[in-house]
Amino acid sequence: MHTLPKLPYEYNALEPHIDEETMKLHHTKHHQAYIDKLNAAISGTDLEGKDINEVLKDLNSVPEDIRAAVRNHGGGHSNHSMFWQIMAPNAGGEPSGAVADAIKETFGGFDKFKEEFTNAGMTRFGSGWAWLVIDNGKLAVMSTANQDTPISEGKVPILGLDTWEHSFYKKYGPNKPGYIEAWFNVVNWAKVNELFEKAK
Ligand code: MN
Numbered sequence: 000m001h002t003l004p005k006l007p008y009e010y011n012a013l014e015p016h017i018d019e020e021t022m023k024l025h026h027t028k029h030h031q032a033y034i035d036k037l038n039a040a041i042s043g044t045d046l047e048g049k050d051i052n053e054v055l056k057d058l059n060s061v062p063e064d065i066r067a068a069v070r071n072h073g074g075g076h077s078n079h080s081m082f083w084q085i086m087a088p089n090a091g092g093e094p095s096g097a098v099a100d101a102i103k104e105t106f107g108g109f110d111k112f113k114e115e116f117t118n119a120g121m122t123r124f125g126s127g128w129a130w131l132v133i134d135n136g137k138l139a140v141m142s143t144a145n146q147d148t149p150i151s152e153g154k155v156p157i158l159g160l161d162t163w164e165h166s167f168y169k170k171y172g173p174n175k176p177g178y179i180e181a182w183f184n185v186v187n188w189a190k191v192n193e194l195f196e197k198a199k
């Protein structure tokens, strides 16, 4: 049975960039709903008790009658669990450490990476996510639709941005670029570095 992970900070900790009410609803309503629907879908199957990221790595092995539910709600659970971790108060700015070097090497600099990542978030039509992933040992920017995760494509996400309207509309309205720009002020690069080191 999957349960809602506790946030590693208070609901108002990411103010003014991400507002308290959005954080509260996003965590206790949206994320909880993915978990509830995932639990309902896998109840009584041998997927109960399995790590959700392991399940998402091989969606084809999930029974067909629950595959869409696992993809959507399991993806939602996995993506949001990571999302809370890669944000933090008193964070943002430019990365340091190994991931900073890799970003510079891959994209030509942090600003170029930021531009490419923002573009991935802006050009994904409808709801989805923008990602920084490790793909075949190299960094890459990509986006996914809905709650699809790069894990299902054999990639390792180390940074993810929720671009569903529920993640920003209350404060930013249709100003998605404003949300993405502000979100960079709360990116927990220490955690991204940790995920990067772990994935290598
Ligand atoms: Mn969300």
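Each residue of the sequence shown is one higher than the last, beginning at 0 in numbering that gives the first Met the number 0.
In this text, a Cβ means the ideal position worked out from N, Cα and C, and glycines have one as well.
Q.
Taking the alpha-carbon of THR122 as reference, which of LYS175, ALA101 and THR44 has the nearest alpha-carbon?
A. The candidate whose alpha carbon is nearest that of THR122 is LYS175.
(Q) Does GLY74 come out as helix, strand or coil in the three-state DSSP assignment? (A) The answer is helix: DSSP assigns GLY74 an H, G or I state.
(Q) Once the 5 residues before and after LYS170 are set aside, which same chain residues still bring their CB inside 7 Å of it? (A) For LYS170, where only same-chain residues beyond five positions count, the Cβ hits under 7 Å are ASP18 and THR21.
(Q) Quick check: what's the CA-CA separation for LEU158 versus TRP83? (A) Inter-residue distance for LEU158 and TRP83 is about 11 Å (C-alpha atoms, whole angstroms).
Q) Whose C-beta lies closer than 7 Å to the C-beta of GLY73 among residues of the same chain, with five residues either side of it excluded? A) Answer for GLY73: LEU37, ILE51, VAL54 and LEU55, listed in chain order.
Q: Give the C-beta separation of SER142 and TRP128 to the nearest angstrom, bearing in mind that I take them to be a contact with Cβ-Cβ under 8 Å.
A: Between SER142 and TRP128 the beta-carbon gap is near 6 Å, inside 8 Å, which marks them as a contact.
Q) From which residue to which residue does the beta strand (DSSP E) around MET141 run? A) Note, MET141: beta strand (DSSP E), 137-144.
**Q.** Three or more C-beta pairs below 8 Å linking the stretch 185-194 and the stretch 90-103
**A.** These segments touch.
Q.
Please identify the residue among ALA181, LYS197 and LYS199 whose C-alpha is closest to the C-alpha of GLY92.
A. Residue ALA181 is the option with its Cα nearest to GLY92.
Q. Buried or exposed: where does ASN78 fall if 16 or more other Cβ atoms within 10 Å of its Cβ makes it buried?
A. With 16 or more Cβ atoms within 10 Å of its Cβ, ASN78 is classed as buried.
Q) What residue from THR44, LYS5, ILE179 and GLY43 has the CA that sits closest to THR117's CA? A) If we check each option's Cα against that of THR117, ILE179 comes out closest.
Q) Among LYS103, LYS111 and ASN89, which has the Cα closest to the Cα of ALA12? A) The residue with the shortest Cα to Cα distance from ALA12 is ASN89.
(Q) For PRO156, which residues in the same chain have their Cβ closer than 6 Å to its Cβ, ignoring the five residues on either side in sequence? (A) The answer, listed in chain order, is TRP130, VAL132 and PRO149.
Q) Grouping DSSP H, G and I as helix and E and B as strand, with all else coil, what is PRO156? A) PRO156: strand per DSSP, three-state reduction.
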